[in-house]
Amino acid sequence: MSTPVLFDVPGPKAKARIRIGTVVGALLVLAVIAFVLVRLAGNQQLDPQRWSVLFDPASGVPQALGEALVSTLQVAAVGMVFATLLGLLLAVGRLSDHRWVRLPITLLIEFFRAVPLLVVIFALYLVLPGFGIRLSAYAALTGGLVLYNMAVLAEIFRAGILSIDKGQREAAFGLGLRKSQVMTLVLLPQAIRRMLPVLVAQLVVLLKDSSLGFIIGYFELLRQARSLVEFFTPQFGNQYTFQLYVAAGLIYILVNVLLSQLAKYLEGRTNRSNQAGGAAVKAEPADQMGAGAGAP
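Converting from the sequence shown to my numbering requires adding 113 to each position, the first position being numbered 1.
See the structure below:
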């Protein structure tokens, strides 16, 4: 039976205090939720008529939010793919034994990690036209997300690769594998499994950062919600403002939850395949020993 080494097992009194703290914390959360609901009800924000506009096709709200969701997912998907690929290449380059490769890549990573994402987006959208390069709002937002997140992901990949025991690298070289084979066949598969939760967390951040397209006029979810508020305000005042922003926020939450669940599914499948592979490796020597014992 294994025993924890980083903390002591809670005793009866500690378990009782934990239970009391959990109950008190849950009651505080419920009290805050009840307070918010009472205030919203007092302001008539929970009126079903106000929320029905989100589901009424005649209002055009569901269609507008759906189009904005597609635009948001387009930016996020392209940004995730290119940021991941470029981040992986930069991580491998930063681990290069060649100084002339390692130093420029290190400077590139540190530069884009240090510069705020909003500044990168502004530079692509507002500064590049001064040099004769004009980018659309979509291209500027996507480019900014890729440049910033590739630097962050490069450090995540590098940390994951360095976390693998050096003995595995040395054993792979001892078997005659080339450096590229050691990286792709030995180090990266293990590093990616270790980094999967952090990678997903960073991709969720990338998805949420797509809302910065609001600043340069790209019609993602937040910008579309603001546009709908401006459309309804002359006719109905602020009657639907709260509902429209809540709808945009809930869509972000739903997409992020689905992304996290997909990551958990992939992680579970990876762990199961690893366990099955380990069991097969253990079973093979046992079968060979049995065959050897039965041989004359």
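We treat Cβ as the ideally placed atom computed from N, Cα and C, and that holds for glycine.
Q: Specify, as a first and last residue, the run of the alpha helix (DSSP H) that I328 falls within.
A: To locate residue 328, count along the sequence shown from 1; it is residue 215. Here I328 belongs to no alpha helix (DSSP H), and DSSP marks it neither H nor E.
**Q.** Alpha-carbon to alpha-carbon, R282 and I246
**A.** Within the sequence shown, the letter at position 133 stands for residue 246. Within the sequence shown, the letter at position 169 stands for residue 282. About 45 Å.
**Q.** Residue burial classification, L357 (beta-carbon count within 10 angstroms, cutoff 16)
**A.** For the purposes of this step, residue 357 is taken as residue 244 along the sequence shown, with counting starting at 1. Burial call: buried.
Q. Which word fits K128, buried or exposed, when buried means at least 16 other C-beta atoms lie within 10 angstroms of its C-beta?
A. Position 15 of the sequence shown, counted from the first residue, corresponds to residue 128. Exposed, since its Cβ has fewer than 16 Cβ neighbours within 10 Å.
Q. Just curious, the alpha helix (DSSP H) that G280 is in, first and last residue?
A. Taking the sequence shown and counting its residues from 1, the one referred to as residue 280 is at position 167. Element bounds for G280: K279 to G287.
(Q) For a quick check, are the C-beta atoms of Q352 and R163 less than 8 Å apart? (A) As a working note, residue 352 is residue 239 in the sequence shown. As a working note, residue 163 is residue 50 in the sequence shown. Yes, they are a contact pair.
(Q) Applying the 10 Å Cβ sphere with the 16-neighbour rule, what's the burial state of I269? (A) Residue numbering aside, residue 269 sits at position 156 when the sequence shown is read from its first letter. Looking at its Cβ environment, which holds 16 or more other Cβ atoms inside 10 Å, I269 is buried.
Q | For Y238 and S249, the rounded distance between their alpha carbons | A | Locating residue 249 in the sequence shown gives position 136, where the first residue counts as 1. Locating residue 238 in the sequence shown gives position 125, where the first residue counts as 1. Taking the straight line joining both Cα atoms gives about 7 Å.
**Q.** Which of helix, strand or coil DSSP assigns to G257
**A.** If you number the sequence shown from 1, residue 257 lands on position 144. It is helical.
Q: Throw me the rounded Cβ distance for the L335 and F344 pair, which I believe falls under 8 Å.
A: Position 222 of the sequence shown holds residue 335. Position 231 of the sequence shown holds residue 344. 15 Å between Cβ atoms; not a contact.
Q | Buried versus exposed, by CB contacts within 10 Å (16 or more), L198 | A | The sequence position of residue 198 within the sequence shown is 85, counting from 1. L198 comes out exposed.
Q. Could you give the distance in angstroms between the alpha-carbon of F349 and the alpha-carbon of Y365?
A. Here residue 349 corresponds to residue number 236 of the sequence shown, with the count starting at 1. Here residue 365 corresponds to residue number 252 of the sequence shown, with the count starting at 1. C-alpha separation (whole angstroms): 26 Å.
Q | At least 3 beta-carbon pairs within less than 8 Å: the region 185-196 vs the region 308-325 | A | Verdict: yes, contact present.
Q. Which two residues bound the contiguous alpha helix (DSSP H) that contains V166?
A. In the sequence shown, residue 166 corresponds to position 53, counting from 1. Taken as a continuous stretch (DSSP letters only), V166 belongs to no alpha helix (DSSP H), as it is neither H nor E.
Q: Report the option in L367, A177, L300 and L372 whose CA atom is closest to the CA atom of L201.
A: Within the sequence shown, the letter at position 88 stands for residue 201. Ranked by Cα distance from L201, the first of L367, A177, L300 and L372 is L300.
Q. Mind checking L325: buried by the 16 CB within 10 Å criterion, or exposed?
A. For the purposes of this step, residue 325 is taken as residue 212 along the sequence shown, with counting starting at 1. Counting Cβ neighbours within 10 Å, L325 comes out buried, since at least 16 surround it.
Q) Using DSSP with H/G/I as helix, E/B as strand and the rest coil, what is D322? A) On the sequence shown, position 209 is the one that residue 322 refers to. D322 falls in the helix class under three-state DSSP.
Q) Is the CB-CB distance between L260 and V233 below 8 Å? A) Walking along the sequence shown from the start, residue 260 turns up at place 147. Walking along the sequence shown from the start, residue 233 turns up at place 120. Yes, the Cβ-Cβ distance between L260 and V233 is below 8 Å.
Q.
Checking 8 Å against the spacing of the C-beta atoms, do F355 and Q158 come in under that value?
A. By 1-based counting over the sequence shown, the position of residue 355 is 242. By 1-based counting over the sequence shown, the position of residue 158 is 45. Yes. Within cutoff.
Q | Pair within 8 Å by beta-carbon distance, A264 and R215 | A | Start at 1 with the first residue of the sequence shown, and residue 264 comes out as number 151. Start at 1 with the first residue of the sequence shown, and residue 215 comes out as number 102. No. Outside cutoff.
Q: Please classify S340: does DSSP put it in a helix, a strand, or coil?
A: Here residue 340 corresponds to residue number 227 of the sequence shown, with the count starting at 1. It is helical.
Q) Helix, strand or coil: how does DSSP classify S209 here? A) The residue given as residue 209 occupies position 96 in the sequence shown. Three-state result, S209: coil.
**Q.** Beta-carbon spacing of A177, A267 below 8 Å
**A.** By 1-based counting over the sequence shown, the position of residue 177 is 64. By 1-based counting over the sequence shown, the position of residue 267 is 154. Contact: no.
Q. Which value, in whole angstroms, describes the spacing of the CA atoms of G381 and A314?
A. In the sequence shown, residue 381 corresponds to position 268, counting from 1. In the sequence shown, residue 314 corresponds to position 201, counting from 1. Whole-angstrom Cα-Cα distance: 17 Å.
Q.
Applying the 10 Å Cβ sphere with the 16-neighbour rule, what's the burial state of G173?
A. What you label residue 173 is simply residue 60 of the sequence shown in a count that begins at 1. With fewer than 16 Cβ atoms within 10 Å of its Cβ, G173 is classed as exposed.
Q | DSSP three-state assignment for Y353, whether helix, strand or coil | A | The residue labelled residue 353 in the question sits at position 240 within the sequence shown. Coil at Y353, not helix or strand.
**Q.** C-alpha gap between L290 and P217, whole angstroms
**A.** Residue 290 sits at position 177 when you count from the first residue of the sequence shown. Residue 217 sits at position 104 when you count from the first residue of the sequence shown. Using only the alpha carbons, I get a separation of about 28 Å.
Q: Measure how close the beta-carbons of L167 and A304 come, nearest whole angstrom, since I'm counting them as under 8 Å.
A: Stepping through the sequence shown from its first residue, residue 167 is reached at position 54. Stepping through the sequence shown from its first residue, residue 304 is reached at position 191. With 8 Å as the limit, L167 and A304 do not qualify as a contact, their Cβ atoms being about 43 Å apart.
(Q) Just to confirm my understanding: we take G124, look at its own chain, exclude 5 residues before and 5 after, and list those with CB closer than 6 Å. What are they? (A) Start at 1 with the first residue of the sequence shown, and residue 124 comes out as number 11. There are no such residues.
Q. Are the beta-carbon atoms of S323 and T185 separated by less than 8 Å?
A. Within the sequence shown, the letter at position 210 stands for residue 323. Within the sequence shown, the letter at position 72 stands for residue 185. Yes.
Q. So, helix, strand or coil for R291, using DSSP?
A. For the purposes of this step, residue 291 is identified with residue 178 of the sequence shown, where counting begins at 1. Coil at R291, not helix or strand.
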